[in-house]
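S.K.: One structure is given below, represented as structure tokens, and several questions about it will come after.
Residue numbers (the numbering used here), protein chains in the order written: chain A, 1326 to 1443; chain B, 30 to 139.
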């Protein structure tokens, strides 16, 4: 079954305590991305990756880091979380544009990680 | 800076009625996506629109793209309660960045 798995699903932490949210996909997708969702703002892209060792900033990258050492994994790292990073986070994956039939290039989303930074 | 605006943001409609959600964007793009999100759930891909004039239909939903007007529409035909959800459009720009609209919260009443 095609899956994007995020962990943890819920996390409460304190300001400044480093954390990592993991994301793994089993579809051999090249493209992976992280979004945050806040009320009234829709989803905003944090970082994305076109392939292993290739990452790029989205619209709101400040305060976040990512890495793509393996194709299946794309962890999101908050080195020093702050309360304004309290949000719902989604990881997603798809076939990268140019690599497949784009008409079928749908994005698969993880279940989400609800993060609270106190 | 790319802006993606959806209209309306909230939509309450009766079962059996038709309605259209609009997605306007401010820069050139040939790729537009529509997603559905149920309350407390993740996002589900609905449509991928890849070129000017593209039209996709699935059940009671039909999406279209006019790249010259920088406008996409999601048309709902004979709405049913199961369509109640939040619908997002997202525009892809160079480098495969995705920018989402704010979402349209649709409620279909019996």
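Glycine included, C-beta positions come from ideal geometry on N, C-alpha and C.
May I ask you to list, following chain order, the residues of the stretch 1353 to 1376 of chain A that have a beta carbon less than 8 Å from some beta carbon of chain B?
M.R.: Taking 8 Å as the Cβ-Cβ cut-off against chain B, the residues of the stretch 1353 to 1376 of chain A that qualify are 1356, 1358, 1360, 1365, 1366, 1367, 1368, 1369, 1370, 1373, 1375.
S.K.: Which same chain residues, not among the five before or five after residue 57(B), have their C-beta less than 7 Å away from its C-beta?
M.R.: Closer than 7 Å at the Cβ level, and outside the excluded window around residue 57(B), lies no residue.
S.K.: Please decide whether residue 73(B) counts as near chain A, where near means a Cβ-Cβ distance under 9 Å.
M.R.: Chain A, which has a Cβ nearer than 9 Å to the Cβ of residue 73(B), makes this yes.
S.K.: By a C-beta neighbour count over all protein chains shown, 10 Å radius and 16 as the cutoff for buried, is residue 1354(A) buried or exposed?
M.R.: Result: buried.
S.K.: Could you tell me the boundaries of the beta strand (DSSP E) in which residue 1367(A) lies?
M.R.: Looking at the DSSP string, the run of the beta strand (DSSP E) that includes residue 1367(A) is 1367 to 1376.
S.K.: Could you spell out the range, first to last residue, of the beta strand (DSSP E) harbouring residue 86(B)?
M.R.: Residues 84 to 87.
S.K.: Going by Cα to Cα distance, which pick from 135(B), 120(B), 45(B), 138(B) is closest to residue 53(B)?
M.R.: Of the candidates 135(B), 120(B), 45(B), 138(B), the one whose C-alpha sits nearest the C-alpha of residue 53(B) is 120(B).
S.K.: Buried or exposed: which applies to residue 1417(A), given that a residue is buried once 16 or more other Cβ atoms fall within 10 Å of its Cβ?
M.R.: With 16 or more other Cβ atoms within 10 Å, it is buried.
S.K.: Tell me which same chain residues have a C-beta within less than 7 Å of the C-beta of residue 34(B), skipping the five on either side of it?
M.R.: 53, 130, listed in sequence order.
S.K.: By DSSP, does residue 103(B) sit in helix, in strand, or in coil?
M.R.: Reduced to three states, the DSSP call for residue 103(B) is strand.
S.K.: Any beta carbon of chain A sitting closer than 9 Å to that of residue 64(B)?
M.R.: So, interface residue.
S.K.: Anything in chain B within Cβ reach of residue 1434(A), meaning under 7 Å, just list it in chain order.
M.R.: Neighbours of residue 1434(A) on chain B, chain order: 71, 72.
S.K.: Do residue 1335(A) and residue 1359(A) have their C-beta atoms closer together than 9 Å?
M.R.: Not closer than 9 Å, so no.
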